[in-house]
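If you're matching them up, the sequences are chains R and X in order. Numbers 1 to 394, taken from the UniProt record's numbering, label the letters of the first sequence in order. Numbers 1 to 507, taken from the UniProt record's numbering, label the letters of the second sequence in order. The beta carbon of each residue, even a glycine, is placed where N, CA and C say it ideally should be. Notes to accompany the following structure.
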Amino acid sequence: MSAITIIGQGPAALLAASFIQEVQQDCVIVADSEGSLPLWSGSFDFHAPSDDISNPWSLLDRQPLMLPAETWAFLWESLVGFERAAGIPVAADIPSHNWWTITCTGKSKSVFVVPQWQYVQKTFLPVWFIGFQGLADSMADFQCHTYQQQTGVDAGFHVLPNPTPWTPSWGPIRWASYMDTDEGLSWLLSEIQKVAPEIPKTWPILLPQVIGRRRAEHNLQALTTALGQMVFEYPLVTPSLGGMRIRDRWVWYLKKQGVPFLTGRAISVEKGWVTLADGRQWHSDHVIVATGGILGGGLEVMVDGRLRDPLRDTVVGRMPPGRAIDLYSWGQPADYGTPEMTACGSQCGGWDPNQDGNGGAMILATVWQSLCRTGIFSNLGSCNSERSVTHVGK
Amino acid sequence: MVVVIGAGATGLGVARDLALRGVKVTVVDQWEPGFGTSGRFHGLLHSGARYVVTDPTAAEDCYRENTLLRAVAPDAIEQTGGIFVRSEDDDPGFEQAWLKGCDRAGIPVTALDPRAVRQRYPDLTTRVASAYWVPDGVLEGFHLLQMLAKDVLAHDGTLLSKHRVTAIQTVNGRVTSVSAQGPNGEVEVGCDAVVNAAGPWAGAVADLFEDPIPMHLSYGLMILFAHRKFPVVVNRLKSPGDGDIFVPHQHVTILGTTDVAQDSPIAPDIQASEVLRLMDLGRELVPGLDSWRVLRAFTGVRPLYDGQGHAATSREVSRDFKVIDHQRRKGPAGSFSVVGGKWTTFRLMAERTADIVTQYLGISAPCVTAQVPLTLHPVTSFSASEPYLCECEKVSASQLTAIDGSLSEWRTATWFAMGPCQGTFCAHRVTALHHALFPSEDSGAALQDLRAERTKGMLPVLWGANAREYALQQAVRFQTLAEGDPQWAGNSPGLKNSSPSSEGVTL
């Protein structure tokens with residue numbers, strides 16, 4: 001079968017597959033669940049620790065994996081290139097600084113590469129929040145209050161009443177499917193037009209991130225044109241339409257490039273042999289494990305605090321239970337101790353995106369580290385530039 | 001006027017008993033109803049069977065009160081029944097003593113076929129040697145507290161939450177008023193008598209009477225599992241000890257408990273070794289316990305009273321209660337303490353206390369709490385026109401907004417944030433709703449408190465699905481909702497910003 005097997009279909013897996021297909025190598029993706037992208041709004045963050053959130057390029061030496069600036073630039077350019085090729089609207093230029101986005105609770109959060117449907121700003125500016133009455137995570141009054149309190153900047157809000165077909169069962173996905181219809185878009189436009197006279201013309205209008213699954217950019221553009229002012233989305237919690245749009249398009253792009261996606265649960269990997277729960281089995285030169293660590297289910301925490309890797313049925317560490325440690329930072333060593341098997345993404349230990357705001361960087365750096373071991377980067381970038389690797393806990 | 005210190009089951013019970021006898025009462029609590037021991041127990045409505053061998057007085061009280069409460073407060077009680085199972089490893093001699101004790105206490109016991117019990121409850125060990133049915137039940141503590149509090153208010157009583165008693169004034173050796181420090185400064189409540197029902201803090205209040213009482217505090221650890229694994233209370237038939245009871249509480253199961261002596265009225269941080277020990281003990285009854293979906297761990301502090309002197313271990317201290325008239329000792333006239341006891345016997349404790357207090361006040365009015373029913377003011381039922389804010393526990397906005405209370409009172413009344421996700425997806429929504437109704441309160445701090453409280457309960461049991469859930473919760477909080485205030489502050493998984501209200505750990 002394929003030279004490389006990727007287990008998992010979260011962002012690390014899709015990024016690895018994108019690099020591999022670009023150099024015209026064969027790979028296959030196998031996963032038993034939909035991956036983590038629908039959990040998040042789809043921003044890829046570089047580095048935003050508490051004490052300096054402005055310029056992640058000046059903090060490269062604080063990343064767990066030390067890479068030179070050229071390698072980081074290569075990785076970010078590649079990500080942006082893949083996203084754009086897949087039809088995900090991200091700006092072509094790599095940012096030189098972090099952006100602020102606004103959460104559904106009105107807080108400002110630092111982000112790096114973000115699709116253009118999501119509102120970001122360099123400094124705090126007045127904005128107008130719109131909430132939907134029947135959408136639990138849109139809480140425009142509270143959001144507006146928090147934003148004003150935290151930034152000292154003026155803001156306003158409206159909560160729109162529910163459209164006729166709405167029922168209490170409408171979650172974000174159902175809202176988005178309504179917005180993908182002409183009826184949904186015209187309902188939204190007419191409701192905003194009713195309140196538009198109160199909204200200052202220069203303030204951007206921010207909507208909850210459910211403005212379509214397929215037609216989001218089209219809808220936002222149509223609203224911007226009709227209202228004569230900028231309209232964007234703010235991210236919600238899960239399921240997140242931002243991440244789902246990215247996943248939909250990225251998977252479709254890879255399938256068009258000929259990458260096979262198999263559905264099945266990998267239960268073991270042994271000397272390159274991948275075995276699925278349903279009995280299928282094949283050999284690959286290399287296996288990339290992108291199963292999401294503890295959050296993704298790629299590592300199991302046992303009652304006594306031992307961490308078990310189900311693919312190899314081994315204990316990879318011990319965590320003192322009951323201690324306030326970040327589960328995110330625990331994982332497999334990048335190389336699994338065997339040259340033909342590597343970990344990437346959250347399966348790889350040593351990163352703490354909750355603390356450091358570097359979830360995107362973690363994906364880029366660990367995928368790069370994995371692929372260096374496969375040898376496919378020989379004509380793409382220098383794998384010798386890696387200077388130090390930290391892994392497994394702190 | 002009588003001031004009752006403590007809004008737990010005992011304090012609210014005393015206040016209601018007095019109010020029904022026509023006495024004007026004010027209940028003062030440093031936090032909110034149920035923040036102490038009453039909100040931190042396993043939910044067992046004792047049949048008394050647990051204590052028939054070691055503590056026959058408490059056993060008899062429990063059985064009588066159990067029967068009474070089923071009649072007067074059915075909304076707060078689930079009549080599950082309970083079973084006692086003896087494992088092949090346990091002493092058969094105890095079984096005989098236990099049967100005699102149940103007979104003496106008048107507790108009805110039905111022998112069950114051990115094989116039938118194993119078939120009916122396949123999670124149980126295969127080593128069941130004998131089994132008996134007893135009239136145990138499950139007590140919905142927070143509901144009962146709310147019912148008591150509402151009834152006190154309905155009878156012209158006052159509830160002063162978030163007020164810590166700082167002094168008790170006397171004139172000529174008689175109690176005249178109580179001073180308490182609250183969010184808006186100090187208040188002074190004039191009174192003819194003071195009842196100290198402060199549970200684990202009773203020792204501190206007695207010090208204000210200048211008549212110290214010997215409290216024996218111990219805390220118990222409980223582990224909460226998702227799913228109602230048994231439809232009945234499951235007790236281990238041996239001398240009462242650690243890890244020998246499973247209580248089905250609504251749709252979760254609680255494994256209890258441990259018994260560790262301590263000095264502070266606030267339980268210490270939960271030790272991993274203690275969690276593992278409780279799991280080991282639980283596994284003796286339920287071998288597959290590791291596969292149950294764990295939700296959180298919590299502790300409660302038992303305010304036992306060691307009137308006789310010094311018991312070697314707190315298991316030896318009676319679960320019986322005592323009403324102390326401090327005037328008969330070193331304290332002022334009109335000062336009383338009620339100490340010890342069980343949740344199950346709170347009404348009886350209240351009755352005895354109120355008898356003594358009314359006698360002191362020269363009022364002759366009989367206790368009526370054994371006859372007057374308590375009803376649950378129904379939480380507004382779900383309206384078909386709104387979405388759930390808490391999807392785990394199916395809580396909608398109108399159910400919450402019907403409650404005039406703090407964020408934590410909303411939680412204990414509706415159980416939002418108490419399900420499998422432990423508030424990951426609803427805490428911010430409910431906080432926003434609360435903010436809309438109470439804009440002057442610091443909603444950001446209330447959310448931080450709620451998060452810290454949930455975190456504290458999840459951390460000691462970070463395994464299996466709970467570890468995944470915790471990782472998700474952390475990522476949602478810090479990567480999606482930017483709760484590491486103000487930006488990516490270094491306070492991610494820690495337990496900073498804990499207010500007094502989150503020092504203990506509740507259900």
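Strand pairing of residue i, partner residues [DSSP]
i, result
"Gln-121 (chain R)", "R:Trp-100"
"Met-215 (chain X)", "X:Tyr-305"
"Thr-299 (chain X)", "X:Leu-221"
"Glu-188 (chain X)", "X:Ser-179"
"Tyr-234 (chain R)", "R:Pro-208"
"Leu-159 (chain X)", "X:Val-27"
"Asn-196 (chain X)", "X:Ile-5, X:Ser-337"
"Leu-45 (chain X)", "X:Gly-137"
"Phe-157 (chain R)", "R:Phe-129"
Secondary structure of residue i, DSSP reduced to three states
i, result
"Trp-273 (chain R)", "strand"
"Phe-44 (chain R)", "strand"
"Leu-18 (chain X)", "helix"
"Gln-181 (chain X)", "strand"
"Val-90 (chain R)", "coil"
"Gly-8 (chain R)", "coil"
"Arg-387 (chain R)", "With a pLDDT of 46 at Arg-387 (chain R), under the threshold of 50, the modelled position of this residue cannot be trusted; read the value that follows with caution. Three-state result, Arg-387 (chain R): coil."
"residue 512 (chain X)", "It is not possible to answer for residue 512 (chain X), since the shown part of chain X is limited to 1 through 507."
"Met-418 (chain X)", "coil"
"Ala-31 (chain R)", "strand"
"Phe-35 (chain X)", "coil"
"Ser-396 (chain X)", "strand"
"Tyr-360 (chain X)", "helix"
"Tyr-121 (chain X)", "coil"
Boundaries (first-last residue) of the beta strand (DSSP E) holding residue i
i, result
"Asn-66 (chain X)", "Segment 56 to 72 is the alpha helix (DSSP H) holding Asn-66 (chain X); no beta strand (DSSP E) there."
"Lys-194 (chain R)", "It is not in any beta strand (DSSP E) - Lys-194 (chain R) instead sits in the alpha helix (DSSP H) that spans 182 to 195."
"Phe-132 (chain R)", "127 to 132"
"Trp-282 (chain R)", "281 to 283"
Bounding residues of the alpha helix (DSSP H) (the contiguous stretch that carries residue i)
i, result
"Lys-255 (chain R)", "241 to 256"
"Gly-360 (chain R)", "359 to 374"
"Thr-166 (chain X)", "Looking at the DSSP string, Thr-166 (chain X) is not in any alpha helix (DSSP H); the run it does join, the beta strand (DSSP E), is 164 to 171."
"Lys-150 (chain X)", "141 to 154"
"Leu-285 (chain X)", "272 to 285"
Nonlocal neighbours in the same chain, by C-beta distance under 8 Å from residue i, ignoring five residues either side
i, result
"Asp-137 (chain R)", "Cys-104, Pro-172, Pro-208, Leu-236, Val-237"
"Gly-288 (chain X)", "Asp-123"
"Leu-307 (chain R)", "Ile-294, Leu-299, Glu-300, Val-301, Val-315, Val-316, Gly-317, Arg-318, Met-319, Trp-330"
"Gly-131 (chain R)", "Ser-138, Met-139, Ala-140, Asp-141, Gln-143, Phe-157, His-158, Val-159, Leu-160, Pro-208"
"Asn-55 (chain R)", "Ser-96, His-97, Asn-98"
"Glu-34 (chain R)", "Gln-9, Arg-247"
"Val-117 (chain X)", "Ile-83, Val-85, Leu-124, Val-128, Ala-131"
"Pro-439 (chain X)", "none"
"Tyr-51 (chain X)", "Ala-58, Ala-59, Cys-62, Pro-240, Arg-319"
Beta-carbon proximity list for residue i, same chain, < 6 Å, skipping 5 on both sides
i, result
"Arg-70 (chain X)", "Ile-77"
"Arg-16 (chain X)", "Leu-148, Asp-151, Val-152"
"Pro-214 (chain X)", "Asp-306"
"Val-187 (chain X)", "Ala-180"
"Gly-341 (chain X)", "Phe-321, Met-349"
"residue 429 (chain R)", "One cannot answer for residue 429 (chain R) here, as it falls past the ends of chain R, which runs 1 to 394."
"Gly-243 (chain X)", "Leu-278, Leu-281, Gly-282"
Neighbourhood of residue i by C-beta, 7 Å cutoff - its chain only, sequence neighbours within 5 removed
i, result
"Arg-454 (chain X)", "Ala-417, Gln-422, Gly-423"
"Lys-100 (chain X)", "none"
"Gly-13 (chain X)", "Leu-148, Phe-346, Arg-347, Met-349, Ala-350"
"Leu-481 (chain X)", "His-428"
How do the segment 260 to 276 of chain X and the segment 209 to 221 of chain X stand: do at least 3 beta-carbon pairs fall below 8 Å, yes or no? yes
Three-pair Cβ contact test at 8 Å for the segment 99 to 113 of chain R versus the segment 130 to 150 of chain R: yes
Are there three or more Cβ pairs, one per stretch, closer than 8 Å when the segment 30 to 39 of chain X is compared with the segment 169 to 179 of chain X? no
The segment 344 to 357 of chain X / the segment 90 to 102 of chain X touching (three or more Cβ pairs under 8 Å): no
When you compare the segment 105 to 125 of chain R with the segment 35 to 52 of chain R, are there three or more beta-carbon pairs, one atom per stretch, that lie closer than 8 Å? yes
Please confirm if the segment 283 to 299 of chain X is in contact with the segment 9 to 26 of chain X, defined as three or more CB-CB distances below 8 Å between the two stretches. no
May I ask you to verify whether the segment 327 to 343 of chain R touches the segment 21 to 31 of chain R, counting CB pairs closer than 8 Å and requiring at least 3? no
So, does the segment 328 to 342 of chain X touch the segment 192 to 204 of chain X, judging by three or more C-beta pairs under 8 Å? yes
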